[in-house]
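Report on one structure; see the data block that follows.
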Amino acid sequence: QAAWEQFEASWAKLEAMLEQSSGQICCSDIPWPSDAFCITGVLPHDSAATAKKRLAVALRRWHPDKWKRILDRVPPSEQMLVTERVKDVAQRLLVEKARLSGPGGVIR
């Protein structure tokens, strides 16, 4: 849980950077999810409603089409890397969505 809270704090910092300045956003500025925790932040004890909300947030956050506002500020030399990493996270998210909504999942 602490890792998830740290990730969310890092994401809030990125959002603040996007709103408060017009400078470049480097790949290293983006808080990429670790393999150590799930991308949605859904915990085993979460209710179905909480799980659905967290899943929806993650799907919006990592949908490749939603990244234009960030990619426009990424240096050209890093744009392909960022795009590929976003696609990778989106793929992992789809696997997690299937796990959460499949047999034995929190979301039914």
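Start counting the sequence shown at -8; every next residue gets the next number (the working numbering). From the three backbone atoms N, C-alpha and C, an ideal C-beta is built for every residue, glycine too.
Going by beta carbon distance, what residues of the same chain come within less than 8 Å of residue 23, once the five residues before and after it are set aside? Here residue 23 refers to the residue found at position 32 when the sequence shown is read from its first residue. Cβ neighbours of residue 23 beyond the five flanking positions: 76, 80.
Just to check my reading of the structure: residue 86 and residue 33 have Cβ atoms closer than 8 Å, yes? What is that Cβ distance to the nearest angstrom? As a first step, residue 86 must be located in the sequence shown, where it is residue number 95. As a first step, residue 33 must be located in the sequence shown, where it is residue number 42. About 13 Å; that fails the 8 Å criterion.
Can you find the residues in the same chain that come closer than 8 Å, C-beta to C-beta, to residue 91, ignoring five residues on each side of it along the sequence? Looking up residue 91 in the sequence shown gives position 100. Same-chain partners within the cutoff: 31, 33, 42, 46, 97, 98.
Residue 84 burial status per 10 Å Cβ neighbour count (16 or more: buried): Counted from its first residue, the sequence shown places residue 84 at position 93. Classification of residue 84: buried, given that the 10 Å Cβ count is 16 or more.
Given this structure, state the Cα-to-Cα distance separating residue 94 from residue 38, to the nearest angstrom. Here residue 94 corresponds to residue number 103 of the sequence shown, with the count starting at 1. Here residue 38 corresponds to residue number 47 of the sequence shown, with the count starting at 1. Their Cα atoms are separated by approximately 16 Å.
Endpoints, alpha helix (DSSP H) assigned at residue 73: Taking the sequence shown and counting its residues from 1, one reaches residue 73 at position 82. Residue 73 -> alpha helix (DSSP H) spans 67 to 92.
Let me confirm a value: residue 17 is counted as buried when at least 16 other C-beta atoms fall within 10 Å, else exposed. Which label applies? The residue given as residue 17 occupies position 26 in the sequence shown. Its Cβ having fewer than 16 others within 10 Å, residue 17 is exposed.
Whose C-beta lies closer than 6 Å to the C-beta of residue 29 among residues of the same chain, with five residues either side of it excluded? Residue numbering aside, residue 29 sits at position 38 when the sequence shown is read from its first letter. 87.
When you compare only the Cα positions, how much space is there between residue 56 and residue 36? For the purposes of this step, residue 56 is taken as residue 65 along the sequence shown, with counting starting at 1. For the purposes of this step, residue 36 is taken as residue 45 along the sequence shown, with counting starting at 1. So the alpha carbons of these two residues sit roughly 31 Å apart.
Give me, in chain order, the residues of the same chain whose beta-carbon lies closer than 7 Å to that of residue 5; leave out the 5 immediate sequence neighbours on both sides. Taking the sequence shown and counting its residues from 1, the one referred to as residue 5 is at position 14. Within the same chain, residue 5 has close Cβ partners 20, 21, 22.
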